[in-house]
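Trainee:
Numbering (my numbering), first residue to last: 706 to 821.
1) Give a yes or no on whether the C-beta atoms belonging to residue 738 and residue 796 are separated by under 8 Å.
2) Using the C-alpha atoms, what's the distance from residue 716 back to residue 791?
3) Do the CB positions of residue 808 and residue 775 come within less than 8 Å of each other?
4) With DSSP as the reference, identify every bridge partner of residue 775, one or two as the case may be.
5) Nearest-angstrom Cα distance between residue 779 and residue 769?
6) Is it true that the CB of residue 771 sits closer than 8 Å to the CB of residue 819?
7) On a Cα-Cα basis, can you pick out the residue from 763, 718, 714 that is closest to residue 728?
8) To the nearest angstrom, how far is the alpha carbon of residue 777 from that of residue 725?
9) Can you pull the DSSP bridge partners for residue 770?
10) To the nearest angstrom, how far is it from the Cα of residue 811 to the Cα of residue 714?
11) Among the residues of its own chain, which have a CB less than 7 Å from the CB of residue 814, if the five just before and after it don't count?
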């Protein structure tokens with residue numbers, strides 16, 4: 706008689722909000738990404754010389770994967786392309802490792818460069 710080694714006790718669901726939090730943390734830990742108070746990533750508004758803290762991360766979940774869009778501000782002195790590429794890698798790795806959800810793509814948009 707064969708014994709069953711796995712037991713299914715229900716389903717596991719991860720909300721988009723959790724994925725946003727993981728992505729935000731991973732992006733904030735990337736060297737060259739500008740941070741504001743509370744380690745939130747800042748995004749400039751259209752009003753001149755103003756900024757506000759918002760969640761610049763959007764997640765689209767499909768049946769088998771997640772697509773993530775993230776807006777960042779880079780620090781002056783860093784190559785924006787290299788910072789964006791590092792953010793892509795860190796966010797994808799963090800979300801996949803922490804949730805088990807495949808990340809199909811991470812779109813990074815550099816919205817500004819903050820002077821030191």
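C-beta: ideal position from N, C-alpha, C; glycine also. Since this is a predicted model, take the numbers as computed values, not measurements.
Mentor: Looking at the atomic coordinates:
1) no
2) 33 Å
3) no
4) 762, 813
5) 31 Å
6) no
7) 763
8) 14 Å
9) 807
10) 32 Å
11) 776
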